[in-house]
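Chemist: Each residue of the sequence shown is one higher than the last, beginning at 143 in the working numbering. Using N, Cα and C, we set each Cβ at its ideal position, and we do this for glycine too.
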Amino acid sequence: MGKINRMISDDLVSRQSIITRDSQSLDLENEATYVKIEGSEDGVKRAEEIAKELGFKKLNEKEMKRVNDRIEAQEDSAASGIGMIFD
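#1: Would you say the region 199-215 touches the region 163-171, given that touching needs at least three Cβ pairs under 8 Å?
#2: Hey, quick one: how far does the beta strand (DSSP E) through Ser159 stretch, first residue to last?
#3: Can you name the start and end residues of the beta strand (DSSP E) that Lys145 belongs to?
#4: Closest by CA to Tyr176, which one among Arg148, Ile160, Ser151?
#5: What runs of the alpha helix (DSSP H), each 4 residues or longer, lie entirely inside the region 180-227?
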């Protein structure tokens, strides 16, 4: 994860919402680590610039939706689990 750390250590990028997941944790068959960055237009643009410099591959729309759906399902599952602990 050295390249990912270099990207997210950028001052502007580090102030965005950053989620990293490996393919195994998302029950995907390939070997990859996914980085999802949400935030300001400038922050996301800077992340894209750094990702390109580091040789990261931007996912196509179909693959991006598939990975994002898995990440959101994990987040929802974790949130509901936490809620049950405190009820």
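Modeler: Checking against the coordinates, here is how it stands:
#1: yes
#2: On the sequence shown, residue 159 is found 17 positions in, with the first residue counted as 1. From DSSP, the beta strand (DSSP E) with Ser159 extends over 159-164.
#3: Mapped onto the sequence shown, residue 145 falls at position 3. Counting along the chain, Lys145 falls outside any beta strand (DSSP E), though it belongs to the alpha helix (DSSP H) covering 144-150.
#4: Numbered from 1 along the sequence shown, position 34 holds the residue referred to as residue 176. Taking only the C-alpha atoms, the option nearest Tyr176 is Ile160.
#5: Whole alpha helix (DSSP H) segments, 4+ residues: 183-196.
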